[in-house]
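Protein chains in written order, with the numbering used here: chain A, 14 to 520; chain B, 14 to 520.
Protein chains: 2
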Amino acid sequence: MTSTLQRQLLRAGTHGRTAPAGRMRPVPLWSAQTAPARDGRGAHVLADRALTLALQRRAADIDAAFAAIEPAIRAIVPMQFESGFVERAREELRARLDIDVPAKDLHASWLRPLDTRALYAHCTLAVFCRLVERSYDGSAASSSDGESVASLIRRWGFHAVDITPCADGRLSGVVDYILRVPNAVVTSRKSYAGGLFDVDETLRKWESVELMRYREGVPNPATEQTRYLKIGVYHFSSSDPDRQGCAAHGNDAARAAGAVLQRLEQFEAAVRNVHGCAACTATLLIGVDTDTDAIRMHVPDADGATSAARYVDAAELYESTFACAREEAKDRIRDAVAECAGVAPDDPATEGMRWFCAFLVKNNIGQIDAVRSRYGGAYPDRGHTERLMVIGDPLDDVQLRNLAFQAQMETVEEHTFVLDIGVKILRSLHEPRGFAVPVLAHARYDERVPGSLERAQVRALRLRSAVLARFASLASSGLLHVHAAVRAGDGPLVEIVPAAASTEFHA
Amino acid sequence: MTSTLQRQLLRAGTHGRTAPAGRMRPVPLWSAQTAPARDGRGAHVLADRALTLALQRRAADIDAAFAAIEPAIRAIVPMQFESGFVERAREELRARLDIDVPAKDLHASWLRPLDTRALYAHCTLAVFCRLVERSYDGSAASSSDGESVASLIRRWGFHAVDITPCADGRLSGVVDYILRVPNAVVTSRKSYAGGLFDVDETLRKWESVELMRYREGVPNPATEQTRYLKIGVYHFSSSDPDRQGCAAHGNDAARAAGAVLQRLEQFEAAVRNVHGCAACTATLLIGVDTDTDAIRMHVPDADGATSAARYVDAAELYESTFACAREEAKDRIRDAVAECAGVAPDDPATEGMRWFCAFLVKNNIGQIDAVRSRYGGAYPDRGHTERLMVIGDPLDDVQLRNLAFQAQMETVEEHTFVLDIGVKILRSLHEPRGFAVPVLAHARYDERVPGSLERAQVRALRLRSAVLARFASLASSGLLHVHAAVRAGDGPLVEIVPAAASTEFHA
Chain A
14 MTSTLQRQLL RAGTHGRTAP AGRMRPVPLW SAQTAPARDG RGAHVLADRA LTLALQRRAA
74 DIDAAFAAIE PAIRAIVPMQ FESGFVERAR EELRARLDID VPAKDLHASW LRPLDTRALY
134 AHCTLAVFCR LVERSYDGSA ASSSDGESVA SLIRRWGFHA VDITPCADGR LSGVVDYILR
194 VPNAVVTSRK SYAGGLFDVD ETLRKWESVE LMRYREGVPN PATEQTRYLK IGVYHFSSSD
254 PDRQGCAAHG NDAARAAGAV LQRLEQFEAA VRNVHGCAAC TATLLIGVDT DTDAIRMHVP
314 DADGATSAAR YVDAAELYES TFACAREEAK DRIRDAVAEC AGVAPDDPAT EGMRWFCAFL
374 VKNNIGQIDA VRSRYGGAYP DRGHTERLMV IGDPLDDVQL RNLAFQAQME TVEEHTFVLD
434 IGVKILRSLH EPRGFAVPVL AHARYDERVP GSLERAQVRA LRLRSAVLAR FASLASSGLL
494 HVHAAVRAGD GPLVEIVPAA ASTEFHA
Chain B
14 MTSTLQRQLL RAGTHGRTAP AGRMRPVPLW SAQTAPARDG RGAHVLADRA LTLALQRRAA
74 DIDAAFAAIE PAIRAIVPMQ FESGFVERAR EELRARLDID VPAKDLHASW LRPLDTRALY
134 AHCTLAVFCR LVERSYDGSA ASSSDGESVA SLIRRWGFHA VDITPCADGR LSGVVDYILR
194 VPNAVVTSRK SYAGGLFDVD ETLRKWESVE LMRYREGVPN PATEQTRYLK IGVYHFSSSD
254 PDRQGCAAHG NDAARAAGAV LQRLEQFEAA VRNVHGCAAC TATLLIGVDT DTDAIRMHVP
314 DADGATSAAR YVDAAELYES TFACAREEAK DRIRDAVAEC AGVAPDDPAT EGMRWFCAFL
374 VKNNIGQIDA VRSRYGGAYP DRGHTERLMV IGDPLDDVQL RNLAFQAQME TVEEHTFVLD
434 IGVKILRSLH EPRGFAVPVL AHARYDERVP GSLERAQVRA LRLRSAVLAR FASLASSGLL
494 HVHAAVRAGD GPLVEIVPAA ASTEFHA
């Protein structure tokens, strides 16, 4: 019996995504598993039931993969003093979790028994890496109208979609679940504290994309008047606004929206001023209610200007279109978007952006519906339940609310603020249960650039050392566990970089 | 009476380099001063006597500016307990050094007298910033054959020149003195430990330059088949190779050459592999003998390949062309360059690069001649005598051997190696004489990019804090003094960023 996810995985292979031979075999981790949805039926006419079910199954598979760690370790703990333990334990962990644990982490003696806390953190990070390796990013999210989303987005006037959510783990499903946009159309995705991306770095990314269009006509020639779309995502909590909002903006939704909007405007101005190009970029501000996953879509007006106070509320549209027929519901969304933009519903100049906004709102209504039908309105856990933290380059192919706190950084020195927030959040979740905070220091490399792998390894280890140095007492108490990892672009393998013995805090 | 340097400065104003009104007035710092050259006459037929004299005068002016600090402080120290001291001292320092010292740094009482060590370090950094503001970058170095060097370089097939010397202060005159290339033709200049530049960052710089060619035809349209030239400069000591070579490469000239060459090759391969462009870049490896300023020119062969072992030795050419007539000397240089490249002297395919190499060798012969005629062969100080250290973005418009240890970095975290080398060198020079190590943490901003100034200020202060944290005991003993500074591009002002009181180690 093959699950939807497995079919997606298998389909992935035929879509050009390479996967090492033998990795797609059904292993216990991926065994057929029905999603434990309370009520899988979509109630709203625009909700895509098949997509919601596929996403719920994927979520259940991810949960199951992590849930398998504790029984696996519990199973090997009693055998640790038996002869041949290391090999037996490795086999057990391979069979149950599909991960390889180095022999050195499994040596035990009566004077120094197995460090189960370190092993649990190790397995959490390894399972996460394995899930990334096995994920297929967004094949589930496709347009129900037949046309591929990539082609739709181009037709709406965009050649690149660059999205920056907040580092907060409750946004770690923003692409697949909340906006339901296929990963293939997202050119760049990086998370920063409060959604406050680096304007200079985004300008360089824009230059890089633009040069590709000039030199190679990829994704389309520079002569085509399409735009680079930069999306900034902030978040808030509708039910507990003063405590479950965005920590980076002091739980103030208006402040969060204003600050992200300012960065978006700075980016547009930078391209305009440096390259004399006013029509090269578009920006979009989106707010997420982390209790319900409903978005606020700040539709730009006819001049491309966005207001933090003016938006389409997807939760309201969900209610007001609930009893509509499908086409009528779509029309209402388009009308609401046009009204927000302050233009006629058939205004040609703003059409592309308006249709894109309506597309996202429609997608989001599917997610609101999924949360409502499953949890009866809002998530039972309004706050944080992140399993791990990812720092360095993004590693978020596996999308799921509260899976990981993602904080992109070149160095800890520049981003102590978000690192401290992340460790504080994760610590409050894991330490009371006796667990360590698992952190993955991840650096991406470009196989085409000589020396890039070695530099990525150095960077990942440097980040790891910087985290361990900043939280030295936590690390020496065994309550912080950091792995360094590298990956070739968005390639199929996430490789753990062995730490030099001298930088090791754990035995 | 107006000095050559003042004439250059005044000329600068008419060449589009903006300078604040009133800044060009003759102040004591810039009063007419003849260079104390032992023997100003150029002995070699290719030596440009006027240029050498101008460079020597500039060097003397720079030395005089720093030499004025001690008498100025000595003059105010005895008055520190008199009433009205702060204002009087500020006036005195303004008149003698043309710098503004904040009142808070001049408050003195019997319980807490003037911190003259901090004041000296402060004045050293302020005088350096003032020199940068008043410098004119390379008007002295122009082609003796009438054509502008920028046009010559374009004719030789290059649209950008990007140079990376070692951070070592003995290379801080590499552009103006050693290679005598006008700053106007240097697109990018950054110093790194051992000349080991960042390949990924250079690739981004290349993309940025290339996009400007495509979008705006600046400096020339992308349809013109010119190349981006990346130059890597390593160094060694001919007289004391085992102690006065490059610290970053263990005083091993061959290792230094090989390591810099590897980076150059990695950069070329990166452009080739990422952008499919084999003819877009050229690279050049140059070695400098820091005892004599003579260069080793590693001329690329017909395939563009460079060897660490194959080079033209400018010192040898200096000797072998000493008795020649001017044209004959030039021909001999061109022949030597062609021989090194392994091609005929009239080979058209390699002509541009060969003429550029010959141009640099000819220029360098002028510098060899200047060092010989002034010091009788080699510098009396083979080692380090840097006055200060610059970290962050480059601030090297004022070029002079051993003026500053320049280490470019985004963060201390990534570059502790070179920072530690620099502080160790500067400390060994300054501490025995009772002086603090003066460090300028400098960040450049782009006035066209909104928020860039504020981000640069944050970055400069962050770098400052990171240095003070790394050398906390040195700083608390008053033996390390760090200023944060920002500058708009290569603009006329270097602004000191006031440190928040909480990050202040000095009283």
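Even for Gly, the Cβ is constructed at its ideal location relative to N, Cα and C. This one's a predicted model, so the numbers in the text were calculated from it and none came from an experiment.
Buried or exposed (CB count within 10 angstroms, at least 16 for buried), A/A338:
exposed
Next on the checklist: Taking the alpha-carbon of B/A88 as reference, which of B/A102, B/G504, B/A482 has the nearest alpha-carbon?
Outcome noted: B/A102
Quick check: A/Q412 and A/G186, are their CB atoms within less than 9 Å of each other?
yes
### Task
Return the first residue and the last residue of the alpha helix (DSSP H) that A/K243 is part of.
It is not in any alpha helix (DSSP H) - A/K243 instead sits in the beta strand (DSSP E) that spans 240-249.
### Query
Three or more beta-carbon pairs under 8 Å between the region 160-172 of chain B and the region 235-248 of chain B, yes or no?
yes
Could you tell me the alpha carbon to alpha carbon distance between B/W368 and B/R345, rounded to whole angstroms?
12 Å
- Task: With a threshold of 16 other CB atoms inside 10 Å of the CB of A/W219, please say whether the residue is buried or exposed.
- Result: buried
Practice item. Find the nearest neighbour of B/E105 within the set B/I82, B/F94, B/L124, B/T137, judged by alpha-carbon distance. Key: B/I82
Can you check whether the C-beta of B/A424 is within less than 9 Å of a C-beta belonging to chain A?
The question names Ala, but residue 424 of chain B in the sequence shown is Thr. Cβ-Cβ to chain A under 9 Å: yes for B/T424.
Within this structure, are the beta carbons of A/R202 and A/V188 separated by less than 9 Å? yes
### Task
Take B/G365 and list the residues in its own chain whose beta-carbon comes closer than 6 Å to its own, dropping the five residues that flank it on each side.
W169, G170
task: Assuming B/G258 and B/N264 form a contact by the criterion Cβ under 8 Å, report the distance between their Cβ atoms to the nearest whole angstrom.
output: 3 Å
Handout entry: Residue nearest to B/A56 in terms of C-alpha spacing, selected from B/A336, B/V499, B/P445, B/L453
Key = B/A336
- Is it true that the region 453-464 of chain B meets the region 493-513 of chain B, where meeting means three or more beta-carbon pairs spaced less than 8 Å apart? yes
Original post:
Would you call the CB atoms of B/R109 and B/P91 closer than 9 Å?
Top reply: no
Next on the checklist: Suppose the cutoff is 7 Å on Cβ atoms and the five residues either side in sequence are ignored; what does the same chain contact list for B/L192 look like?
Outcome noted: L373, N376, N377
Exercise for review: List the whole-angstrom C-beta distance separating A/G491 from A/A139, where the pair is believed to meet the contact cut-off of C-beta under 8 Å.
Suggested key: Incorrect: roughly 18 Å between the Cβ atoms, too far for contact.
**Message:** Among B/A512, B/P511, B/A513, B/D503, whose alpha-carbon lies nearest the alpha-carbon of B/V146?
**Reply:** Before going on, a small fix: residue 146 of chain B reads as Glu here, not Val. Minimum Cα distance to B/E146 is reached at B/D503.
**Item:** Closer than 9 Å at the beta carbon, the chain A residues around B/H288
**Value:** L224, M225, R228, E229
Next on the checklist: If the criterion is Cβ atoms closer than 9 Å, does the pair B/T425 and B/V480 meet it?
Outcome noted: For the record, residue 425 of chain B in the displayed sequence is Val; it is not Thr. Cβ atoms of B/V425 and B/V480: closer than 9 Å.
**Buried/exposed call for B/S148, threshold 16 Cβ in 10 Å** = buried
Open item on the list: Relative to the C-alpha of B/I75, which candidate in B/T334, B/L274, B/D410 has its C-alpha closest?
Closed with: B/D410
**Prompt:** Mind pulling the chain A residues with CB within less than 8 Å of B/L216?
**Reply:** V462
Say whether chain A places a C-beta atom closer than 9 Å to the C-beta of B/R468. yes
Open item on the list: Between the alpha carbons of A/F418 and A/V403, how many angstroms are there, rounded?
Closed with: 6 Å
What's the call for B/L432, buried or exposed, on a 16-neighbour Cβ count within 10 Å? buried
- prompt: Between B/H311 and B/A321, is the Cβ-Cβ spacing less than 9 Å?
  reply: yes
_Short-range partners of chain B found in the region 425-436 of chain A, where Cβ spacing is below 9 Å_ = V425, E426, E427
Original post:
Does B/S221 have its Cβ less than 9 Å from a Cβ in chain A?
Top reply: yes
Q) Where does A/T137 land, buried or exposed, given buried means 16+ other C-beta within 10 angstroms? A) buried
Please list, in chain order, the residues of the region 65-77 of chain A that have any C-beta partner in chain B closer than 8 Å. none
_Does chain B have any CB closer than 9 Å to the CB of A/V356?_
no
Could you pull out every residue in the same chain whose Cβ sits closer than 6 Å to the Cβ of A/V58, ignoring the five residues on either side in sequence?
-> R339, A342
State the Cα-Cα distance for the pair A/S221 and A/R400, rounded to the nearest angstrom. 34 Å
In whole angstroms, give me the CA-to-CA distance for B/A261 and B/C179.
9 Å
*asked:* Using a Cβ-Cβ cutoff of less than 6 Å, which residues in the same chain neighbour B/D255 once the five nearest sequence positions on both sides are dropped?
replied: N264
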